[in-house]
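The structure appears right after this line, and notes come after that.
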Amino acid sequence: MIAVDTGILAFALNRWAPEHARASRLVEGLLNGDRSWAVTWPALHELIARITHRHGVARPLASSDAADFVEQLLESPALRALGPTPRHASVMREVLEPFGEAPPPPGFDDAVLLREHGVRELLSTDAGMRRFGFLSVIDPFQGDGWRPEQPPARRYRRLTLRGGG
45 MIAVDTGILA
55 FALNRWAPEH
65 ARASRLVEGL
75 LNGDRSWAVT
85 WPALHELIAR
95 ITHRHGVARP
105 LASSDAADFV
115 EQLLESPALR
125 ALGPTPRHAS
135 VMREVLEPFG
145 EAPPPPGFDD
155 AVLLREHGVR
165 ELLSTDAGMR
175 RFGFLSVIDP
185 FQGDGWRPEQ
195 PPARRYRRLT
205 LRGGG
């Protein structure tokens, strides 16, 4: 499963963003496709905050319009909105471990939820998300971009099970 971050959703909604056309095609492809995809609840909250704030976009939306957009996203049968599970605290500690005593970087809340739900791929323009080693971050606006029918990145080798009874 692949996840989409706040920035991609904001570009899909903001007609004045240079990335709008590509982002809206990408999100519409996911919404109408069969491939499972995910977004974290913190990303949805951040999306509403960003697209309704006058410093976040050139033409902010009313809060009710932003909420309508989120509800439309959630109607997609292929979309999973990711929230905490009973394992949340232990996964949080696991994601924190590589950073030692340093404060967690931005995106930490999303990274914990992605790890918790086994999501390894993230569509994002935020290069900072690469700090989380378990994530394969794909910038859909670089190169040929990304398409919903594209197979998952194989960053991890497949394990071979040896026979034995």
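Read left to right, the sequence shown gives residues 45 to 209 (this note's numbering).
Beta carbons: idealized from backbone N, C-alpha and C, even for Gly.
Every value quoted in this text rests on a predicted model; they were computed, and no experiment measured them.
For the 8 Å CB-CB criterion, L166 and A47 form a contact. G73 and G127 have their C-alpha atoms spaced approximately 23 Å apart. Fewer than three Cβ pairs drawn from the region 173-188 and the region 98-117 lie within less than 8 Å of each other, which leaves the two stretches out of contact.
Annotation: the continuous beta strand (DSSP E) that includes R124 extends over L123 to L126. Beta-bridge analysis with DSSP links L166 to A47 and V181. The Cβ-Cβ distance between R159 and E138 falls below 8 Å. The C-alpha of H97 is placed about 15 Å away from the C-alpha of F113. Rounded to whole angstroms, the separation of the alpha carbons of L179 and R59 is 29 Å.
Look at the region 53-130 and you find these whole runs of alpha helix (DSSP H), each 4 residues long or longer: 64-76, 85-95 and 107-118. For E90 and A54, the gap between their C-alpha atoms comes out near 10 Å. In terms of Cα proximity to G172, the closest of F152, H161, V156 and L157 is F152. Excluding its 5 nearest sequence neighbours in each direction, A146 has no C-beta neighbour in its own chain below 8 Å. Approximately 13 Å separates the beta-carbon atoms of D170 and P86; this is outside 8 Å, ruling out the contact. In the three-state scheme derived from DSSP, where H, G and I count as helix and E and B as strand, H132 is classed as helix. Distance check between L75 and each of L88, L118 and R66 places L118 closest, using alpha-carbon atoms only. When the Cα atoms are used, R131 and H99 turn out to be separated by approximately 36 Å. Around the C-beta of T50, 16 or more other C-beta atoms lie within 10 Å, and the residue is accordingly described as buried.
Nearest Cα to W81 within the set A111, L57 and S120: S120.
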